[in-house]
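Number of protein chains: 2
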Amino acid sequence: MAHSQSFIVNGSFEQTVSPLDRGLAYGDGVFRTLIMRNGMPECWPQHYQKLVADCAVIKIVCPSAELLMSDLQQLFMPDETAIAKIIITRGEGERGYAPPAVTSPVRVVIKSKVRAYPDSYFSEGVNLHVCKTPLASQPLLAGVKHLNRLENVLARMEWTDPSIMDGIMLDDHDQVIECTAANIFVCFGDTLITPKLDQCGIAGVTRQRVIDLGHLLGLTVNVENITLPKLLSADVVIITNSIYGALQAKSILQIDWSPTPLAADIRKILQV
Amino acid sequence: MAHSQSFIVNGSFEQTVSPLDRGLAYGDGVFRTLIMRNGMPECWPQHYQKLVADCAVIKIVCPSAELLMSDLQQLFMPDETAIAKIIITRGEGERGYAPPAVTSPVRVVIKSKVRAYPDSYFSEGVNLHVCKTPLASQPLLAGVKHLNRLENVLARMEWTDPSIMDGIMLDDHDQVIECTAANIFVCFGDTLITPKLDQCGIAGVTRQRVIDLGHLLGLTVNVENITLPKLLSADVVIITNSIYGALQAKSILQIDWSPTPLAADIRKILQV
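Chain order of the listed sequences is B and Y. Per the working numbering, the first sequence runs over residues 1 to 272. Per the working numbering, the second sequence runs over residues 1001 to 1272.
This is how it looks when you write it as structure tokens:
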């Protein structure tokens, strides 16, 4: 397969991932996706902190920030802007679910080109599908960006129409949770609301930054349950991730929204 | 890591798994574990049929039985008895959840030694833990032996006591579903009951064979919900998988059971 990605495993261009790795066997690991801008990882303290927290939930000892930074600097040119994906797995194991007494976590860092989004994504907004694939409730893993992502894969396979940018996922109680590859905010007046992620979903770094920084736009940010009808009645719907920052929804089901400055305003505070 | 496993990837001893494989990125694949006895896979038609069915759920085109049999014959000696694990992934992908337009599923076959179980497992039975980690309800993936197995990993990490053989997992409605690495049956008089797996759990080949063959022992087999109190009040509790066939529970929580011939009887009909 000719591919536009390159990678480094455990700091080496020669190493690869063992077929015995528990990341493959069980999805026993976590990951991050972030922008390398001019050779430096954007929001690195937040991303590394989240990586450590996610590893802790599944009891993997997270590699040091220095080691990961060294991997990034080997894989990316000093002035390069591209996308970095960091995968941490529990490493190799013998047969069976019990982790070995001594584990050696494995680091995979993958470089991908920054995809050129259409200008209209930023000027007009994006079309969102509403996924039929529900997110299962699993409080022990909620919020964690782990490698068990089949639900996102099934959800993403629901549409092929290239004019649809992402899909909204609900939990099994019909609460809005996130998009397949983004978090979601709804705006009513001067209040931003993003769903609670204590049952499922991924609590993204950009989501947390919008929660923390929303007041800079004079917005109150609340974390609470949102139903789909409530979302569809919002003044503005925003999706966020670490690659594009924030984008406004242009249409969801039969509902259309006119462009507003909100997504651009959020992208601006994310530069702070 | 010195390990007791060997493997073959896509029919080659030289190939390995790409760090870009979606099996690693998302757990985007399925697997089987079975016994190779004297160089031949036990219950191969059932295992292959289940592999095809599981692949179909997540829309992977399952490699042909001939290809997989050729992999097995390369990896195992003609008279060898050992454990085979077959992993099928969707193969490499570009960044993002959407599968590539054209995919090349990847086959990994792993050989492990047959673990020598203590004789007491067969003569007296085994001790089972009751796991706190719940299985999330996801009807779209229920029954499928896919690579998203973090719940099993978390559940298996709940105990280190080597006298405990496996752990019973409940769903989020406190229904008994399975063990971390086995299915479960309870016996009342001449009725065997095994839990419904329409919300979560893995529908194992051995479970299905016991359902199909139980009548040979004069047993009626029902598939229905079982609560933990009901399980604890059973005459006999049996766990099943493709490696050991069937074992009786000796103790669960504070409840003890005396040995009965049931597990041996089930192992006998599984030889048919």
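For each residue, glycine too, the CB sits at the ideal point set by N, CA and C. What you are looking at is a predicted structure, and each value in this text was computed from that prediction instead of being measured.
A distance below 7 Å separates the beta carbons of Val1223/Y and Lys1196/Y. A direct Cα-Cα distance of roughly 31 Å separates Asn38/B from Gly218/B.
Under the three-state reduction of DSSP, His1215/Y is assigned to helix. About 5 Å separates the beta carbons of Val153/B and Tyr1097/Y, which is inside the 8 Å limit, making them a contact pair. Among the residues facing chain B, Arg1149/Y is included, as its CB has a counterpart in that chain under 7 Å away. Within the stretch 1196-1262 of chain Y, the complete beta strand (DSSP E) runs of at least 3 residues fall at 1220-1223, 1236-1241 and 1245-1252. A distance below 6 Å between beta-carbons, with the five flanking residues on each side excluded, links Lys1050/Y to the following residues of its chain, in chain order: Val1205. Pairing Val17/B with Glu1092/Y, the inter-Cα distance amounts to about 13 Å. Chain B has no Cβ within less than 7 Å of the Cβ of Arg1032/Y. Using a CB distance cut-off of 7 Å, Pro105/B does not count as an interface residue toward chain Y. In this structure, Ile110/B is the residue among Thr227/B, Leu228/B, Ile110/B and Ser137/B with its C-alpha nearest to the C-alpha of Gln5/B. Chain Y has a Cβ within less than 7 Å of the Cβ of Leu20/B.
Shown here, Ala1142/Y sits in coil according to DSSP, grouped into three states, outside any helix or strand. Burial check for Ala1116/Y: the Cβ neighbour count within 10 Å stays below 16, so the residue is exposed.
Classified as buried, Thr1194/Y has 16 or more neighbouring CB atoms from the shown chains inside 10 Å of its CB. Exclusion of the five residues before and after Pro1063/Y leaves Ile1088, Pro1105 and Arg1107 as the residues of its chain whose Cβ lies within less than 8 Å of its Cβ. Positions of the alpha helix (DSSP H) runs, each at least 4 residues long and wholly inside the stretch 1047-1094 of chain Y, are given as 1065-1075 in order along the chain. Here Ile1239/Y is buried, its C-beta having at least 16 other C-beta atoms within 10 Å. Shown here is that no member of the stretch 1188-1218 of chain Y has a Cβ falling below 7 Å from a Cβ of chain B. Listed along chain Y are Thr1016, Val1017, Ser1018 and Pro1019, each with a C-beta nearer than 9 Å to that of Thr16/B. Under the Cβ criterion of 7 Å, Ser1137/Y is counted among the residues facing chain B.
The residues Leu232, in chain order, have a CB closer than 7 Å to that of Ile255/B in the same chain once the five nearest residues on each side in sequence are set aside. Sequence-ordered contacts of the stretch 1155-1180 of chain Y with chain B read Arg1156, Met1157, Asp1172 and Thr1180 [C-beta pairs closer than 7 Å]. Considering only Gln1138/Y, Lys1250/Y, Asp1166/Y and Ala1249/Y, the residue with the shortest C-alpha distance to Asp1198/Y is Gln1138/Y.
According to the DSSP secondary-structure assignment, Val153/B is paired through a beta bridge with no residue.
Only those residues of the stretch 78-99 of chain B whose C-beta falls short of 9 Å from the nearest C-beta of chain Y are listed: Ile83, Lys85, Ile87, Thr89, Arg90, Gly91, Glu92, Gly93, Glu94, Arg95, Gly96, Tyr97, Ala98 and Pro99. Taking a C-beta distance under 7 Å as the contact criterion, Ile1008/Y and Leu1075/Y qualify as a contact pair. Its chain contains Lys250 and Pro259 as the residues whose beta carbon lies nearer than 6 Å to that of Glu124/B, once the 5 sequence neighbours on both sides are disregarded; these appear in chain order.
In the structure shown, the three-state DSSP call for Gly23/B is helix. Taking one beta carbon from each stretch, the stretch 260-272 of chain B and the stretch 239-248 of chain B have 3 or more pairs nearer than 8 Å; the two touch. When beta bridges are read from the DSSP output, Thr194/B appears opposite Val223/B. The beta carbon of Cys131/B is closer than 6 Å to those of Ala155, Glu158, Gly167 and Met169 in its chain, skipping five residues each way along the sequence. In the displayed model, Pro1041/Y falls within a strand according to three-state DSSP.
Listed along the chain, the chain B residues whose CB falls inside 8 Å of the CB of Ser1112/Y are Glu94 and Arg95.
Judged by beta-carbon spacing, Gly1029/Y lies within the 7 Å limit of Leu1147/Y, meaning their Cβ atoms are closer than that value. In this structure, the straight-line span from the alpha carbon of Ile86/B to that of Leu1270/Y is close to 45 Å.
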